[in-house]
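Those protein sequence lines, which keep their order, are chains A and B.
First residue of the first sequence? That's 27 in this note's numbering, and the numbers climb one at a time after it.
First residue of the second sequence? That's 4 in this note's numbering, and the numbers climb one at a time after it.
Heads up: the structure comes next, in structure tokens.
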Amino acid sequence: MDIIESKTWIEWVITIAKFGFCFVPVLYILLLIPMERRGAGFMQDRQGPNRSYIKIPYFGKIRLFGYVQNMCDGTKLFFKEQFAPAGVNRVLYRVAPAIPFAIVFLSPCVIPWFGPMVFEWGGQTVRIAGSIVDSDVGVLLLFGFSSLSAFGAMLAGWASKSKYSFLGALRTSSMTISYEVCLGLSMMGLLVLVGSFNLTDIVNWQEHHVWGIVAQPVAFFCFLIAAIAETGRAPFDVAEGEPELVAGYHTEYGAMQFGLFYMGEYSHICINSFLVATLFLGGYAVPFVTTETMQAHMGGTLAILCGVLAFLGLAFLHMIYRYSRKLKATNLTNRFEILREYQLYKIVAWIAVVVFIALGVSSWFFYDPSKFVVNGFAVGSLATAVGTALIHLLVLVVKSVFFCWVWIWVRWTLPRFRYDHVMHLGWKIILNIALINLVVTAVIAKLVGGN
Amino acid sequence: MLALIYFIILAVVALGAAVCVFLSRHPLYGALSLVTSMVALAGIYGLIGSPFLGVVQIMVYAGAIMMLVTFVIMVLNGARDSKTPMFDKVSLFIIPAVLVLAGLVGFALTRAPLAFDATTLRGSVALTSRTLFDVAQTGPGYFVLFEVLGLLLLSAMVAAVLLAKKRLGSVDTENTEESH
């Protein structure tokens, strides 16, 4: 059992805890579905689904800004009857939805969630990588997984034995292949600059030089377009194509089997937005501050973090107060119920703001890593490392949520492309721009950097 | 010990899937078994210390090429499930050829002085690129070979495009399309 003894227990705890990041895409689904539906409503100047509520005794109804709708949808999908049309290929029909959903749990393993944690433990320096698998091949592994997940759509289309599904599957496979080429090539310019496939190295390079979006602006847009196309959403939804193919490859699916495809698509958005944020927006790196500076002034950093959170709380309160004022002026029949719910939000948000301000002030004045001693064991550097990791994680999540919004934004803004337009864009425009970008970057890197 | 257990699992999956390629009646099942076999092989590559090769195997072969193969299979007989017989007259030639080839490879592998030391050969991207492109270290051999292979693939692609174009324009394909 020398494997177990090769690390101290704290290393094992953190290493195993990192596997929890596998569930991040699934959690993002819960965030993305209300974001998509309310976001679509916002863009089309309507409310979106916000009527479902939970009734709490002695208080009233809680709607959570339409978030409860999520739970209703999930419950409906779970309890619907699972059926298979006559004539389908039984085995493949059942297996197909599981493939993209299984890939969802594998994909997060190479994304660096925080910078490498370095701390002193029992007299020796411990270093823990920020990704679950700290591999040299990093990004390539992610691309490999995402190319495998298209097999789910293909098998679903074939096993359904329906012409709509079949056409959708054919389109999926051709589009996946063409846009994967664009995705890989547009990223290569950045990899030439960094000189590594490892995502931690890429983020580290961006932290100490410039962000990828500044170094490679052309590549960023190519990558973003290819990444949006790869998730198969509008304007690139030729595989599902509601106007022409009913629902594409999942026409014959219902209940939770359809739900698995749906969740697979949203998790794909999550993974791709994490990838864009990591490659081109500095990943976990805090803007304008390097990790070393942050760790040297941990108390101040924590205070600023608490300040930002308190500011967000105040912004939320402003929104609630404005909504309440507007609502009081109307004569909606349910306005007192809603105002009562808003009262609850006001209380919670005010408590949160006060707590954050108190935490920020106390960490500004009293944070001192040398005081952290548990049972005569100095854990100050561990506390600093964990604090840095949490801040990194928060920054990465904020960046990726922004890109998730870009996905929704694009979907509800642009009209959908025809199939030949999509192929034309992929093979004749983006691929060539990416190739030229790669050549120019390589020449400049050779002339300037000399590596 | 742990590595051995992983190796046995992956090897059984790879070999089993490879046998399934032979035994499956429908070409799509054959293609899927081939994908499984390739993914298991990629795992073995990772296990012996070359994750780069393994990932390229997944990306290029399992992801792209097998996707194209399934695409072709689906286009050719997607609507009707044609069941090809497992053995026909051609098998008379193919089975002995496969057996002889397997014997030859086995003989060569047992006799060849294969000195594989996983500890010295560990390393992924840097080692692979140095082996391929570092002219000072390994001479121009691999570098030139690599470029020539690229040219070969390009010429194959051009030839395929030419062939396909010719057939699209000809008269008899248009007739067969109508008869479907």
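Every residue, glycine too, gets a C-beta built ideally from N, C-alpha and C.
- Listing by chain order, which chain B residues have their CB less than 9 Å from the CB of residue 180 of chain A? 70, 73, 74, 77
- Message: Considering only heavy atoms of the ligand ADP, does any lie closer than 7 Å to the CB of residue 158 of chain B?
- Response: What this structure holds is no ligand at all, so the ligand ADP is not there to describe.
- Task: Give me the Cα-Cα distance between residue 442 of chain A and residue 260 of chain A, rounded to the nearest whole angstrom.
- Result: 6 Å
- Establish whether the CB of residue 65 of chain B and some CB of chain A are separated by less than 8 Å. yes
- Message: Using 8 Å as the threshold, is the C-beta distance between residue 304 of chain A and residue 229 of chain A below it?
- Response: yes
- Message: Please classify residue 298 of chain A as buried or exposed, where buried requires at least 16 neighbouring CB atoms within 10 angstroms.
- Response: buried
- Specify, as a first and last residue, the run of the beta strand (DSSP E) that residue 153 of chain A falls within. 150 to 154
- In or out: residue 5 of chain B buried (at least 16 other Cβ within 10 Å) or exposed? exposed
- Query: Name the DSSP beta bridge partners of residue 145 of chain A, please?
  - Reply: A:152
- Message: Does chain A have any CB closer than 8 Å to the CB of residue 136 of chain B?
- Response: no
- Query: chain A beta carbons: is any one of them nearer than 8 Å to that of residue 61 of chain B?
  - Reply: yes
- Item | Inter-residue CB distance, residue 76 of chain A and residue 164 of chain A (contact presumed, cutoff 8 Å) | With a Cβ gap of about 41 Å, residue 76 of chain A and residue 164 of chain A do not count as contacting.
- Item | Alpha carbon of residue 55 of chain A to alpha carbon of residue 185 of chain A, nearest angstrom | 27 Å
- Inspect the CB distances between the region 170 to 184 of chain A and the region 54 to 65 of chain B and report whether three or more fall short of 8 Å. yes
- Just the C-alpha distance for residue 467 of chain A and residue 97 of chain A, rounded to the nearest angstrom, thanks. 48 Å
- Decide if residue 11 of chain A is buried, meaning its Cβ has at least 16 other Cβ atoms within 10 Å, or exposed. In the structure as shown, chain A begins at 27 and stops at 477. Residue 11 of chain A is therefore absent and cannot be evaluated.
- Task: With 7 Å as the C-beta to C-beta threshold (strictly closer), list the residues of the region 260 to 272 of chain A near chain B in chain order.
- Result: none
- With contact counted as at least three CB pairs below 8 Å, one residue from each stretch, are the region 7 to 25 of chain B and the region 257 to 271 of chain A in contact? no
- Query: For the alpha helix (DSSP H) that residue 67 of chain A lies in, which residues bound it at each end?
  - Reply: 50 to 69
- Message: Can you list, in chain order, the residues of its chain with a C-beta nearer than 7 Å to that of residue 273 of chain A? Leave out the 5 residues immediately preceding and following it.
- Response: 266
- Message: Counting only Cβ pairs nearer than 7 Å, list the residues of chain B close to residue 170 of chain A.
- Response: 58, 61, 62, 66
- Query: Using a Cβ-Cβ distance under 8 Å, would residue 32 of chain A count as near chain B?
  - Reply: no
- Message: Is the separation between the beta-carbon of residue 389 of chain A and that of residue 329 of chain A shorter than 8 Å?
- Response: yes
- Interface flag, residue 24 of chain B vs chain A, CB-CB below 8 Å: no
- Query: With respect to the beta strand (DSSP E) encompassing residue 88 of chain A, which residues constitute its N-terminal and C-terminal limits?
  - Reply: 86 to 88
- Message: With DSSP as the reference, identify every bridge partner of residue 80 of chain A, one or two as the case may be.
- Response: A:88
- Specify, as a first and last residue, the run of the alpha helix (DSSP H) that residue 350 of chain A falls within. 324 to 355
- Run through the region 230 to 302 of chain A for me and flag every whole alpha helix (DSSP H) of 4 or more residues, listed as ranges in chain order. 238 to 241, 243 to 256, 268 to 271
- Task: Decide if residue 139 of chain A is buried, meaning its Cβ has at least 16 other Cβ atoms within 10 Å, or exposed.
- Result: buried
- Message: Between B:128, B:113, B:31, B:114, which has its C-alpha nearest residue 74 of chain B's C-alpha?
- Response: B:31
- Taking just the CA atoms, how far does residue 387 of chain A sit from residue 462 of chain A? 52 Å
- Task: Could you tell me whether the region 201 to 208 of chain A touches the region 126 to 146 of chain A, using the rule of 3 or more Cβ pairs below 8 Å?
- Result: no
- Does any residue of chain A bring its CB to less than 8 Å from the CB of residue 146 of chain B? no
- Item | For residue 36 of chain B, the nearest candidate out of A:45, A:118, A:41 (CA to CA) | A:118
- Where residue 16 of chain A sits in the DSSP three-state scheme: This structure cannot speak to residue 16 of chain A, because chain A is shown only from 27 to 477.
- Query: From the beta carbon of residue 203 of chain A, is the nearest beta carbon of chain B less than 8 Å away?
  - Reply: yes
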